[in-house]
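Below: one structure, written as structure tokens.
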Amino acid sequence: MSHPYSGTWVAEDGYFRQHILPDGRYDEARGASDQARGGHYEIDGNVIDYWDDAGFTADGVFFDENTLFHGGMIFRREKPQQS
Numbered sequence: 198m199s200h201p202y203s204g205t206w207v208a209e210d211g212y213f214r215q216h217i218l219p220d221g222r223y224d225e226a227r228g229a230s231d232q233a234r235g236g237h238y239e240i241d242g243n244v245i246d247y248w249d250d251a252g253f254t255a256d257g258v259f260f261d262e263n264t265l266f267h268g269g270m271i272f273r274r275e276k277p278q279q280s
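Position one of the sequence shown corresponds to residue 198 (the working numbering), numbered consecutively onward.
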């Protein structure tokens, strides 16, 4: 279930990161931790709904293909590293 919004999204402060995986799962990273929480998500139009494995729910809105508003923060799509 690949989605155009799959990828890594980074908050402006660089501390929070959302890894939106193509299989319908996500990992949230904080600071040095690559996986602070995780769960599944669903996307309808430009709205993403999150359900973490502990029962917490949240949502977000994609303003465009590179900008996500989630948890009161702006996230930008991380560009893939060039090799």
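Ideal Cβ positions, reconstructed from N, Cα and C, are used throughout, including at glycine.
**Prompt:** Secondary structure at serine 230, three-state DSSP: helix, strand or coil?
**Reply:** strand
**Message:** Tell me the rounded alpha-carbon separation between glutamate 225 and glutamate 262.
**Reply:** 19 Å
**Request:** Would you mind working out which of Gly268, Ala251, Asp246 and Gln232 sits nearest tyrosine 202, comparing C-alpha positions?
**Result:** Between tyrosine 202 and the set Gly268, Ala251, Asp246 and Gln232, the nearest pair of CA atoms involves Asp246.
**Asked** Looking only at its own chain, which residues have a Cβ that is under 8 Å from the Cβ of threonine 254, when we skip the five neighbours before and after it?
**Response** Once the five neighbours on either side are set aside, the close Cβ partners of threonine 254 are Asp246, Tyr247 and Trp248.
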